[in-house]
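**Q** For reference, the structure I am asking about is given below.
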Amino acid sequence: MKKTFAVYQKELKHFFYSPIAYIVIAAFVIIAGIFFYLYLSSFVEAAFMDMIRSQQYRTPPQKFNVNLQLIRPFFWNLALISLFVLPLVTMRLFSEEKKSGTVELLYTRPLSSVHIVLGKFFAGVTFYLVMLIPTMIFMLLLFIYGNPEFWPVVSGYLGLLLL
708 MKKTFAVYQK ELKHFFYSPI AYIVIAAFVI IAGIFFYLYL SSFVEAAFMD MIRSQQYRTP
768 PQKFNVNLQL IRPFFWNLAL ISLFVLPLVT MRLFSEEKKS GTVELLYTRP LSSVHIVLGK
828 FFAGVTFYLV MLIPTMIFML LLFIYGNPEF WPVVSGYLGL LLL
């Protein structure tokens with residue numbers, strides 16, 4: 708376990724000492740924010756237009772479901788973005804070792820391949836969690852100003868984590 712943790716710490720240092728990690732996180736959050744804004748604005752516009760239509764024709768307004776019309780497409784788009792971003796991040800794990808010439812040092816240490824792979828895997832998962840944490844601000848704003856259900860949001864983030 709100590710050996711895996713040592714590889715994990717080394718990989719996290721490599722991730723967060725390079726500016727590329729921050730650029731990837733910023734790009735991910737900006738793209739997620741754009742999608743959230745687009746879905747939220749279309750949801751609000753549809754609800755507003757329905758309210759005007761119901762007042763004009765004296766009919767009851769439709770019920771809009773924020774879970775189906777905002778949260779589900781938002782998480783679907785986050786998963787789609789992650790399908791492009793995650794391979795970019797994880798391919799760097801072993802290629803950086805080969806590029807810097809430290810792969811020979813890594814293999815000559817008393818580490819098994821399992822320790823190396825698990826350490827790099829957990830570092831990649833941690834980096835992905837750090838990428839997802841800023842997107843939780845969007846859901847927090849939705850809970851403050853709206854009334855979405857809690858469990859679809861939790862299952863959405865769990866699904867993104869298992870991606």
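In the working numbering, the protein residues as written are 708 to 870. C-beta atoms are modelled at their ideal positions from N, C-alpha and C, and glycine is treated no differently.
Counting pairs of Cβ atoms below 8 Å between the region 768-775 and the region 847-856, do you hit three or more?
**A** The answer is yes - the region 847-856 touches the region 768-775, with three or more Cβ pairs under 8 Å.
**Q** Apply the 10 Å Cβ neighbour rule to Phe742 and answer buried if 16 or more other Cβ atoms are within range, or exposed otherwise.
**A** With 16 or more Cβ atoms within 10 Å of its Cβ, Phe742 is classed as buried.
**Q** Report buried or exposed for Val796, applying the criterion of at least 16 other Cβ atoms within 10 angstroms of its Cβ.
**A** It is buried - the Cβ of Val796 has at least 16 other Cβ atoms within 10 Å.
**Q** Please determine, among Phe828, Asn854, Ile759, Met843, the residue with the shortest C-alpha to C-alpha distance to Phe665.
**A** Here the chain covers residues 708 to 870 and nothing more, so residue 665 does not appear.
**Q** Just the C-alpha distance for Val821 and Ala734, rounded to the nearest angstrom, thanks.
**A** Their Cα atoms are separated by approximately 32 Å.
**Q** For Ile844, report the span of its alpha helix (DSSP H) as first-last.
**A** That run of the alpha helix (DSSP H) goes 843-852.
**Q** Only counting the same chain, and skipping five residues up and downstream in sequence, which positions put a Cβ closer than 6 Å to that of Tyr746?
**A** Contacts found: Leu777, Pro780, Phe781.
**Q** To the nearest angstrom, how far is the alpha carbon of Arg765 from that of Ala753?
**A** Cα to Cα, the separation comes out at about 17 Å.
**Q** Looking at the secondary structure, which residues open and close the alpha helix (DSSP H) in which Pro859 lies?
**A** Unbroken alpha helix (DSSP H) run through Pro859: 857-868.
**Q** I need the DSSP call for Leu793, collapsed to helix, strand or coil.
**A** Three-state DSSP puts Leu793 in a helix.
**Q** Express the C-alpha separation of Ile732 and Ile840 in angstroms, rounding to a whole number.
**A** Computed Cα separation, rounded: 10 Å.
**Q** Can the beta-carbon of Tyr661 be found closer than 7 Å to that of Ala786?
**A** As shown, the chain starts at 708 and ends at 870. That puts residue 661 outside it, with no answer to give.
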